[in-house]
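S.K.: Going by my numbering, the first residue of the sequence shown is number 200, and it counts up by one from there.
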Amino acid sequence: RYVELKPGRISMLAVLGHIVTAAGVRLPGDIDLEGTSFASIPTGIAALSKVPAAGLLQIFLFVGALELAVMKDITGGAFVGDFRNGFLDFGWDTFSPEEQDRKRGIELNNGRAAMMGI
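1. Given that a residue counts as buried once 16 or more other Cβ atoms are within 10 Å of its Cβ, and exposed if not, what is ILE230?
2. Using the C-alpha atoms, what's the distance from GLY243 back to GLY223?
3. Just to check my reading of the structure: PHE237 and LEU247 have Cβ atoms closer than 8 Å, yes? What is that Cβ distance to the nearest angstrom?
4. Identify which residue in GLY316, ARG311, ILE317 has its Cα closest to the Cα of LEU204.
5. Is the separation between the beta-carbon of ILE258 and that of VAL269 shorter than 9 Å?
6. Measure the alpha-carbon distance for GLY290 versus ASP300 and round it to whole angstroms.
7. Helix, strand or coil for SER190, going by three-state DSSP, please let me know.
8. For the ligand NAD, I want to know if PHE237 counts as a neighbour, meaning its beta carbon is within less than 8 Å of at least one of the ligand's heavy atoms.
9. So for ASP300, helix, strand or coil by DSSP?
10. Do PRO206 and MET314 have their C-beta atoms closer together than 9 Å?
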């Protein structure tokens, strides 16, 4: 399940990001010092050729830092893919075991759909 959870979560974020940018929501201001505005960056794969190389490097380094330092699967966690690390819980422990299983199944299915969509 771990092999399926993380790519599913990343795909769900990617789908949401694509929907938001396709709807025209952009950050205000410029993406670089040359004056390239965020609004001028297209959506999807086409954005890779428009984002400056330094910006892509920043994204790569940020994601790498998250992978190495933040998004670790805790040893002895409640379940595979438990990334809470004692920080964000949102009341997970208040759900019954049946409800937790149902929610994990929903997350798996949404992740699968997002992987197909992206």
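Cβ coordinates follow ideal geometry from the N, Cα and C atoms, glycine included.
M.R.: On the basis of the supplied data:
1. Buried, because 16 or more other Cβ atoms sit within 10 Å of the Cβ of ILE230.
2. So the two alpha carbons sit approximately 13 Å from each other.
3. Contact doesn't hold; Cβ gap of about 15 Å is too wide.
4. LEU204 has its Cα closest to that of ARG311, out of GLY316, ARG311, ILE317.
5. No, the pair does not count as a contact, with Cβ atoms beyond the cut-off.
6. For GLY290 and ASP300, the distance between alpha carbons rounds to 15 Å.
7. Outside the displayed range of the chain (200 to 317) lies residue 190, so it cannot be described from this structure.
8. No copy of the ligand NAD appears in this structure; indeed no ligand is present at all.
9. The answer is helix: DSSP assigns ASP300 an H, G or I state.
10. Cβ distance < 9 Å, so PRO206 and MET314 count as in contact.
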